[in-house]
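**Q** For our numbering, add 1214 to where a residue sits in the sequence shown, where the first one is 1. Where is the CB? At the ideal position from N, CA and C, for every residue including glycine. Just passing along the structure, written as structure tokens.
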Amino acid sequence: MKLRCKPYTLNLRHPFTIARGSRTQQANVLVEIEDGSDIGYGEAAPSGRYGEDQESVLKFLGRVDLVAFKDPFQLEDILSFVDVLAPGNESAKAAIDIALHDLIGKKLKIPLWKLWGLNPDKTPVTSFTIGIDTPEIIEEKIREAQEFPVLKVKVGVPEDEEIIRTIRKFTDKPLRVDANEGWKSKELARDKILWLENQGVELVEQPLPAQDIEGIAWLRNHIHVPIIADESIRTLHDLPELRGVYDGINIKLMKCGGVRQALKMIHAARAMSLKIMLGCMIESSVAIAAAAHISPLVDYADLDGNLLITNEPFTGLKQTSGKIILPTEPGLGIKPC
Ligand code: MG
């Protein structure tokens, strides 16, 4: 099999601001794995939070030679070979994992959800993300999110109350909030969350810095809504430490290294009675579709990365009123525009 990669830039509809910072573009890498007449597509959406960028992805992918592998079916062997080339680099590894899965589906002529025995009717509704912004832009974003029944609101800044009050002027939809490690003490997080609970917030994501597991354990006894780990969990190896502390985890293909790892995390998390959210970075339909195909297995979806961009390079993935519609075409079921 032959691997090619192409760097490209996704443009955001609005500047995207979270507690850590703001941006207008996302630099990703498209991967194509060719096997005979079939091409599998994959995508890396690297995050500086996890030590990656477009350059590091291209560098890692430049070291991957798949010529020794005749077809994509021996995934454990191929992905183990890729994994030991260098530690980390999870988004680059995810791009390869996604492209191989796409190729397998195309060779077997079935969509990926069918390969895993999943029911496409059981896809969750995805939330639509409202980044940190001025009241005027927030109002515009709420209009854009009209068809989505659940909103995910970025918080973790001094203006949290103003943001939520603005949203509540226009909608009474259920809200999920994500502080992205922005509240720096457990007491501040407690006060913020108790106030948010009265505003119809149904869960809170990453209220404290990733390493503050003790703070989360304390917070767990002082608030009522579920606490979901995001920055506190990257791969399967991080999971045991979170048991009995967090109520759930946000799995992202770009943090864990792809679909194969995500499936292992889902089953391990279920054994620990954790709730599961499937999240994303700013990604095109390539990586979003890969996550969508396993979404019948999770409780919450936050798969809106492709909805926040203006130059989507692929087509084939749909949602209706926020509910993810899985493609029936083989593999990921998406095509270049
Ligand atoms: Mg998050």
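Rank Gln1360, Ala1313, Lys1469, Leu1477 by C-alpha distance to the C-alpha of cysteine 1494 and give the top, closest one.
**A** Lys1469
**Q** Rounded to whole angstroms, what's the CA-CA distance from glycine 1536 to glutamine 1240? Just pull it up for me.
**A** In a straight line, the C-alpha of glycine 1536 is about 23 Å away from that of glutamine 1240.
**Q** Is the region 1532–1549 in contact with the region 1367–1382, if contact means three or more CB pairs nearer than 8 Å?
**A** no
**Q** Along the chain, where does the beta strand (DSSP E) containing histidine 1228 start, and where does it finish?
**A** 1216–1232
**Q** Does the distance from the C-beta atom of aspartate 1252 to that of lysine 1216 stay below 9 Å?
**A** no
**Q** Is methionine 1420 near ligand 1, in the sense that its beta carbon is under 8 Å from a heavy atom of that ligand?
**A** In the sequence under discussion, the amino acid at residue 1420 is glutamine, which differs from the methionine named in the question. The answer is yes for glutamine 1420.
**Q** With DSSP collapsed to three states, give me the class of threonine 1385.
**A** Reduced to three states, the DSSP call for threonine 1385 is coil.
**Q** Closest by CA to arginine 1277, which one among Gln1288, Asp1267, Tyr1255, Ala1306?
**A** Ala1306
**Q** Beta-carbon within less than 7 Å of alanine 1431's beta-carbon, same chain only, minus the 5 sequence neighbours each way: which residues are those?
**A** Val1459
**Q** Taking 8 Å as the cut-off, is the CB of asparagine 1525 close to at least one heavy atom of ligand 1?
**A** No, the beta carbon of asparagine 1525 sits no closer than 8 Å to any heavy atom of ligand 1.
**Q** Below 8 Å, is the gap between the Cβ of aspartate 1405 and the nearest heavy atom of ligand 1?
**A** no
**Q** Please name the residue or residues paired with glycine 1519 in a DSSP beta bridge.
**A** According to DSSP, which records beta bridges pairwise, glycine 1519 is partnered with nothing at all.
**Q** Could you tell me if the beta carbon of asparagine 1464 falls within a distance shorter than 8 Å of some heavy atom in ligand 1?
**A** Answer for asparagine 1464: yes, Cβ within range of ligand 1.
**Q** Using the Cβ count rule (16 or more neighbours within 10 Å means buried), how would you classify leucine 1456?
**A** Its Cβ being crowded by 16 or more others within 10 Å, leucine 1456 is buried.
**Q** Can arginine 1390 and leucine 1408 be called in contact, C-beta distance under 9 Å?
**A** No.
**Q** Can you have a look at alanine 1282 and say buried or exposed, based on whether 16 or more other CB atoms are within 10 angstroms of its CB?
**A** It is exposed - the Cβ of alanine 1282 has fewer than 16 other Cβ atoms within 10 Å.
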